[in-house]
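Number of protein chains: 4
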Amino acid sequence: MSISKIEEKKQIKRDKLLASAYTLFLTRGFIDTSINDIVDYAGVAKGTFYLYFKDKWDIKDQVIIEKSRLLIDEAIINANNKMIDKFDEKIISITNYIIDDFINNKDLLKLINKNLSFGLFNKVLESEYINIKEMFAQELKNYNNKIKNPEVVLYMIIELIGSSIYSSIIYDIPLSINEYKPYLFEQIINMIK
Amino acid sequence: MSISKIEEKKQIKRDKLLASAYTLFLTRGFIDTSINDIVDYAGVAKGTFYLYFKDKWDIKDQVIIEKSRLLIDEAIINANNKMIDKFDEKIISITNYIIDDFINNKDLLKLINKNLSFGLFNKVLESEYINIKEMFAQELKNYNNKIKNPEVVLYMIIELIGSSIYSSIIYDIPLSINEYKPYLFEQIINMIK
Amino acid sequence: MSISKIEEKKQIKRDKLLASAYTLFLTRGFIDTSINDIVDYAGVAKGTFYLYFKDKWDIKDQVIIEKSRLLIDEAIINANNKMIDKFDEKIISITNYIIDDFINNKDLLKLINKNLSFGLFNKVLESEYINIKEMFAQELKNYNNKIKNPEVVLYMIIELIGSSIYSSIIYDIPLSINEYKPYLFEQIINMIK
Amino acid sequence: MSISKIEEKKQIKRDKLLASAYTLFLTRGFIDTSINDIVDYAGVAKGTFYLYFKDKWDIKDQVIIEKSRLLIDEAIINANNKMIDKFDEKIISITNYIIDDFINNKDLLKLINKNLSFGLFNKVLESEYINIKEMFAQELKNYNNKIKNPEVVLYMIIELIGSSIYSSIIYDIPLSINEYKPYLFEQIINMIK
DNA sequence: GATGAATGAGTCTTCATTCAT
DNA sequence: GATGAATGAAGACTCATTCAT
Chain A
183 MSISKIEEKK QIKRDKLLAS AYTLFLTRGF IDTSINDIVD YAGVAKGTFY
233 LYFKDKWDIK DQVIIEKSRL LIDEAIINAN NKMIDKFDEK IISITNYIID
283 DFINNKDLLK LINKNLSFGL FNKVLESEYI NIKEMFAQEL KNYNNKIKNP
333 EVVLYMIIEL IGSSIYSSII YDIPLSINEY KPYLFEQIIN MIK
Chain B
183 MSISKIEEKK QIKRDKLLAS AYTLFLTRGF IDTSINDIVD YAGVAKGTFY
233 LYFKDKWDIK DQVIIEKSRL LIDEAIINAN NKMIDKFDEK IISITNYIID
283 DFINNKDLLK LINKNLSFGL FNKVLESEYI NIKEMFAQEL KNYNNKIKNP
333 EVVLYMIIEL IGSSIYSSII YDIPLSINEY KPYLFEQIIN MIK
Chain C
183 MSISKIEEKK QIKRDKLLAS AYTLFLTRGF IDTSINDIVD YAGVAKGTFY
233 LYFKDKWDIK DQVIIEKSRL LIDEAIINAN NKMIDKFDEK IISITNYIID
283 DFINNKDLLK LINKNLSFGL FNKVLESEYI NIKEMFAQEL KNYNNKIKNP
333 EVVLYMIIEL IGSSIYSSII YDIPLSINEY KPYLFEQIIN MIK
Chain D
183 MSISKIEEKK QIKRDKLLAS AYTLFLTRGF IDTSINDIVD YAGVAKGTFY
233 LYFKDKWDIK DQVIIEKSRL LIDEAIINAN NKMIDKFDEK IISITNYIID
283 DFINNKDLLK LINKNLSFGL FNKVLESEYI NIKEMFAQEL KNYNNKIKNP
333 EVVLYMIIEL IGSSIYSSII YDIPLSINEY KPYLFEQIIN MIK
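Protein chains in written order, with my numbering: chain A, 183 to 375; chain B, 183 to 375; chain C, 183 to 375; chain D, 183 to 375.
Written out as structure tokens, the structure reads:
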């Protein structure tokens, strides 16, 4: 077997484990998923897990990074495809895309919400293909050059979205997500003005 | 011993366990604190724990509710004592008080940040002595009667504070807490205008 | 309060505990009933239990003795009331009465079957009002004076009934109880011939 | 190590646990034997127990099935070796063999007596090498073709033996086992006539 | 006699991790 | 690289019993 074939086989095992962990974390939750469950579901031996991941927390981080990046990339690509030029509209479009995705996948929202630490989130933003922070800073400058610190603005936007949509989507608190959206969007626009 | 004496003794036992759990959760973290640790530290028998609490999660919730209420009440009382009349200044004062408390007690911040669910937080706001939500709504109305939905505004303020000060205090991200404060306060003022 | 009144009150407490234990043993089973359950159900304090019974096994024995005696006494009285004169018919009548009772109260059958040790059973036969062993020996002698050892015959009859009706009533093994009865009765008649 | 070697090793571990449980159940009784005791005595780790058995009840059932089968098989083989041709004599021989074994191993008798439920007993009769029920039915037919329901007869014989020898061997009630044997054998002969 | 808070030994069970094959 | 049997520390929880009131 050629070296690349072996590498490929390894990648397949790793992906199997990631996919297995993803499914189980969503359906049973992180705490109630054991490494045993993950390897059983993936159809590999228990020892194999430790060839690819350090422990349960390690694979959880990998799962979240992968899924979050995917989601954000999709949201950006979608905005680009729609040829939205104005920065404020673009931000709202991206936010809206992400919210709608979470509405349809509440388990993912729960998983991310409970486990997305800061260090992790920065890794997410350092996506392979798009440097989100830089892009945001650049576009915000073009849109409103009075803003001194675009990083802080991005940070506050992300925090406000990240923390407030959770209970809106899951508990309809303070309002249902569709009622809440206008308030949220208004506030975001406010932040970049 | 009279009944009230017995009740008093029971209360003392309960408080001992709460204080013990509080200390250990802050120093070792929730996961690494066992019920064994809690009862040892409190100097009571293991069975006694189950007389007062259902399990580790139960006592954690009680600890967080108690400490959070205490902190918010203190912040409000402090603002009242300083005879701050203007609503916007009062809000900033309260926020500032809470932030300063967390700066000095980062372990509490970590504990609360990781564990303050929404259901729990609502219990905190239903403090025995002060109905925070109503008070806020009333004062906001007097301050700015154009705002339609004071509850949503309170919610957004709490979410923005709650989620963003954590990484600022703990990681200096996006800025150190003292550098971040002006941005945060400006945004809060913005929200009630 | 007069002494007899006090005695009466004590008896009431004891009876409450017995009745409570009886109900719980039948519904939840012996192992899954704790002393806590018994005193809660009886509405008395935990310490009170130990004023009347040594432990869970003690009260279980008392429950079984009481209920078994009651059942046997009823069966005998019923046979007497029906003026059955022939000894073999009387034995069958009594057996039949007991079986029918168990058919209607399978939980009691289960409890007794699992817990009726020999020592216990002898206490049951020494009922306050009727000395069953003596009575049986006397009547068997009149019926068939060739039998040397009536005690052994009684013993074998009781063992055969006691062990075989259980699985017939509960599992229909080897036959349903109504199909099994003729075989059983035939065998009993055989034993006293 | 080849697969069969591994399987063999697993079998040895299982057997160790079974033997350990057997010894401890006999000497201390089932209730007073903890899983801790079993694994300590077997010299394996606690987790290993759960690799082979669900819980204490599971291993108890396995122990009883194994030992009962062994005993019955031995009794039958012994009868066959002695070239006993007449069916009635064969039954008595088998019964006698089993009784004598129990006389020498009263702890086993106690264990089996307390725990041999019906479901379990049927598993015992479905021994790997000898189908006891069929064999009995066949031989009984040859011996006495007037009997309609050989299964019921076998059932009654087993029940009578199983329940009555216990108190005879353990308590000499109603007679010592040697005095009781003639009565019992007579009755068994009666049942197949 | 009655109470019920307090006890703490004892038990089961899980599960991450290792390592010989 | 892959396997999965074995490990054993760690933890949650129960419950019979006591005893001060």
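Note that the Cβ used here is the ideal one computed from N, Cα and C, for glycine as well.
Measure the C-alpha to C-alpha separation of residue i and residue j and round it to an integer number of angstroms.
i, j, result
"A:K292", "A:N286", "12 Å"
"C:I329", "C:V335", "9 Å"
"D:S358", "D:I371", "20 Å"
"A:G211", "A:L290", "10 Å"
"B:N326", "B:K375", "7 Å"
"B:I266", "B:K272", "6 Å"
"D:I220", "D:K236", "14 Å"
"D:K268", "D:E321", "9 Å"
"C:I246", "B:Y223", "46 Å"
"A:N297", "B:N324", "40 Å"
"A:S216", "B:T215", "20 Å"
"D:F231", "D:D243", "15 Å"
"D:M373", "D:K288", "27 Å"
"A:Q369", "B:G344", "17 Å"
"B:D282", "A:T209", "40 Å"
"C:R251", "D:A257", "39 Å"
"A:S275", "A:E333", "20 Å"
"A:R196", "A:V306", "19 Å"
"D:I312", "D:N304", "13 Å"
"A:E308", "A:F318", "13 Å"
"B:K177", "B:A227", "Outside the shown range of chain B, which is 183 to 375, sits residue 177 of chain B, and nothing can be said about it."
"B:L302", "C:D354", "55 Å"
"D:S299", "A:S299", "56 Å"
"C:N360", "C:I352", "12 Å"
"D:D270", "D:F367", "10 Å"
"B:I254", "B:A261", "11 Å"
"B:I213", "A:M338", "30 Å"
"B:G229", "A:N218", "32 Å"
"D:F207", "C:L342", "28 Å"
"A:Q377", "D:Q193", "Any property of residue 377 of chain A remains undetermined from this structure, which presents chain A solely from 183 to 375."
Can you tell which of the options has its C-alpha closest to the C-alpha of residue i?
i, options, result
"A:I340", "A:T277, A:N326 and A:N260", "A:T277"
"B:K264", "B:D222, B:Y279 and B:D354", "B:Y279"
"A:S376", "A:E333, A:K363, A:I241 and A:P332", "In the structure as shown, chain A starts at 183 and stops at 375, and residue 376 of chain A therefore has no counterpart that could be examined."
"B:P356", "A:I352, A:E361 and A:K315", "A:K315"
"C:F284", "C:I312, C:E189, C:I213 and C:S349", "C:S349"
"D:L199", "D:E189, D:G225 and D:I213", "D:G225"
"B:K191", "B:N218, B:I213 and B:Y234", "B:Y234"
"D:T205", "D:S186, D:N260, D:K228 and D:I241", "D:I241"
"D:K238", "D:N262, D:S202 and D:D255", "D:S202"
"C:Y365", "D:D255, D:N360, D:N331 and D:I352", "D:N331"
"C:K249", "C:G229, C:N295, C:D270 and C:N262", "C:N295"
Do residue i and the ligand GTP come close, with the Cβ less than 7 Å from some heavy atom?
i, result
"C:I347", "This structure does not include the ligand GTP; it has no bound ligands of any sort."
Length-filtered (3 minimum) beta strand (DSSP E) runs lying within the stretch 275-315 of chain C:
none
Interfacial residues, the stretch 324-355 of chain B to chain A, with Cβ spacing under 7 Å:
E333, V334, Y337, M338, E341, L342, G344, S345, S346, S349, Y353 and I355
Taking any Cβ of chain A, which residues in the stretch 299-324 of chain B have a Cβ under 7 Å from it, in chain order?
F300
Got a sec: which bits of the stretch 214-241 of chain A sit with their beta carbon under 8 Å from any beta carbon on chain B, in order along the chain?
For the stretch 214-241 of chain A, which is checked against every Cβ of chain B, not one residue is closer than 8 Å.
With 8 Å as the C-beta to C-beta threshold (strictly closer), list the residues of the stretch 277-296 of chain A near chain B in chain order.
Identification of residues in the stretch 277-296 of chain A having a C-beta nearer than 8 Å to some C-beta of chain B yields an empty set.
Which whole runs of the alpha helix (DSSP H) in the stretch 309-367 of chain B are 4 residues long or more, in chain order?
314-325 and 332-353
Quick check on the DSSP output: what are the complete alpha helix (DSSP H) runs of length 4 or more inside the stretch 217-262 of chain C, in order along the chain?
With a minimum length of 4 residues, the continuous alpha helix (DSSP H) runs that stay inside the stretch 217-262 of chain C are 217-224 and 228-234.
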